[in-house]
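A.B. asks: Have a look at this one before I ask anything.
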Amino acid sequence: MNKKRVLSGMRPTGRLHLGHYFGALKNWITIQEQYDCFYMVADWHALTSDYADTSALKDNSFDMVADWLTVGIDPAKSVIFKQSDVAEHAEFFLILSMITPLGWLFRCPTYKEQIAEVKSKDLHNFGFLGYPVLQAADILIYKAQAVPVGEDQLAHLELTREIARRFNNFYGDVLPEPQALLTKTARVPGLDKRKMSKSYGNSILIAETNDDVAKKVKTMYTDPLRIKATDAGHPEGCVVFAFHEIFNKDCAKRKEQCTQGTIGCVACKKELTELICSFTGPMMKKREEILNDRKLIENTLKEGAKKARETASATLKEIKKAIKI
Ligand code: TRP
């Protein structure tokens, strides 16, 4: 039986944190077994908004792939590649740009939101507006049937489906419409309760040293109404408890202890530190092993690009035939 194909991508932002792991990667690892997976380092996507300073782009891609391999994205099972190594995406993007109405792009909720909110960089560039068209090209060039995406990317996937439909209307049935692969993921708060994000400086890395985990857990926001350890605590809305829900099998008991005031925040944090370290510690070790062999990552991307190009160029041939160019 032929496995369904999946494509997903991530912008290279450097070393990944627990939010990336529980929000996406954990699922990526699982679905490697049932699907034919293509996982892409979306470096051109990074350029659409971070075009002014590209000095960290290469290192960020390298660090991200190191983390992918660390957590168990397996080059023997999945195709791991860098977008800019497969120029076919760019050619297809150009073709799709001809048939994508501007209104679809200006109406995109992520576009409107970022234009309104992001003040640190100028996003009034052509590439940023066209970003969802590039994403559509990424997906459709592999004829991916399923795309694991977070809620924030759903609008982009819908646009991809609309672009595929429009293409097929003009030129014949070439592109399958991809489905969203929505799975339950844990929302990981940052140390300060906002969303965990590199730019907020509130994250715990997947491969973090035990010392750094301990330091970070100490800074976690706790219940300000709780002055003495015996005061009743409020686990809901407590960052420390949110992490217990992810890492502690017995978090129901912890909830009880906290509410009844039989455990204090210091002890609760200490235990959490140990729980997180039992995850991050082995990741740290694995990452070091992977980095010992620098060629491993280079070869993974080289092999991945080769395989990705095979599929992408075959689709591009069909596409060109369909549009008679
Ligand atoms: N836009 C995605 C993000 O910023 C990354 C991405 C690029 C992607 N191309 C994709 C995700 C194709 C899924 C499918 O996270």
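Here the sequence shown is numbered in our numbering, starting from 753 and rising by one per residue.
All C-beta atoms in this analysis are idealised placements derived from N, C-alpha and C, irrespective of residue type, glycine included.
The structure presented is a predicted model; accordingly, all values stated were derived computationally and were not measured.
1. Could you pull out every residue in the same chain whose Cβ sits closer than 6 Å to the Cβ of residue 975, ignoring the five residues on either side in sequence?
2. If you run the structure through DSSP and keep just helix, strand and coil, what is residue 769?
3. Grab me the residues of residue 857's own chain with a C-beta within less than 6 Å of its C-beta, minus the 5 sequence neighbours each way, in chain order.
4. Indicate the three-state DSSP secondary structure (helix, strand or coil) for residue 923 in the structure shown.
5. Verify whether the separation of the beta carbon atoms of residue 851 and residue 918 is less than 7 Å.
6. Since residue 976 sits in a beta bridge, which residues does DSSP pair it with?
7. Identify whether residue 941 lies in helix, strand or coil by the three-state DSSP scheme.
8. Between the alpha carbons of residue 773 and residue 1054, how many angstroms are there, rounded?
9. Please report the distance separating the alpha-carbon of residue 951 from that of residue 873.
10. Let me know if residue 806 comes out buried or exposed under the rule of 16 or more other beta-carbons within 10 Å of its beta-carbon.
11. Determine, using beta carbons only, whether residue 1161 and residue 1060 come nearer to each other than 7 Å.
12. Taking the DSSP output, what are the residues bridged to residue 931?
13. Can you give me the start and stop residues for the beta strand (DSSP E) that residue 774 sits inside?
14. Within 10 angstroms of the Cβ of residue 992, are there 16 or more other Cβ atoms? Answer buried if so, exposed if not.
15. Let me know the alpha helix (DSSP H) ranges lying completely inside the stretch 854–904, each 4 residues or longer, listed in chain order.
C.D. replies: With the structure as the only source:
1. Here residue 975 refers to the residue found at position 223 of the sequence shown. Counting only Cβ-Cβ distances below 6 Å, and skipping sequence neighbours, we find 985, 986, 990.
2. As a first step, residue 769 must be located in the sequence shown, where it is residue number 17. Residue state, collapsed to three classes: strand.
3. Counting from 1 along the sequence shown, the entry for residue 857 is found at position 105. Contacts found: 881.
4. The residue given as residue 923 occupies position 171 in the sequence shown. DSSP places residue 923 in helix when its eight states are reduced to three.
5. For this step, residue 851 is matched to residue 99 along the sequence shown. For this step, residue 918 is matched to residue 166 along the sequence shown. Against a cut-off of 7 Å, the Cβ pair of residue 918 and residue 851 comes out as a contact.
6. Translated into the one-based positions of the sequence shown, residue 976 becomes position 224. BP columns for residue 976 are empty, so no partner.
7. What you label residue 941 is simply residue 189 of the sequence shown in a count that begins at 1. Three-state result, residue 941: strand.
8. For the purposes of this step, residue 773 is identified with residue 21 of the sequence shown, where counting begins at 1. For the purposes of this step, residue 1054 is identified with residue 302 of the sequence shown, where counting begins at 1. Distance between the alpha carbons of residue 773 and residue 1054: 24 Å.
9. Residue mapping note: residue 951 aligns to position 199 of the sequence shown, counting from 1. Residue mapping note: residue 873 aligns to position 121 of the sequence shown, counting from 1. So the alpha carbons of these two residues sit roughly 13 Å apart.
10. Walking along the sequence shown from the start, residue 806 turns up at place 54. By the 10 Å Cβ count, residue 806 comes out exposed.
11. Outside the displayed span of the chain (753 to 1077) sits residue 1161, for which this structure offers no information.
12. By 1-based counting over the sequence shown, the position of residue 931 is 179. Note: residue 931 sits in a beta bridge opposite 898.
13. On the sequence shown, position 22 is the one that residue 774 refers to. First-last for residue 774: undefined, no H or E at that position.
14. Mapped onto the sequence shown, residue 992 falls at position 240. Buried.
15. 854–858, 861–869, 878–892
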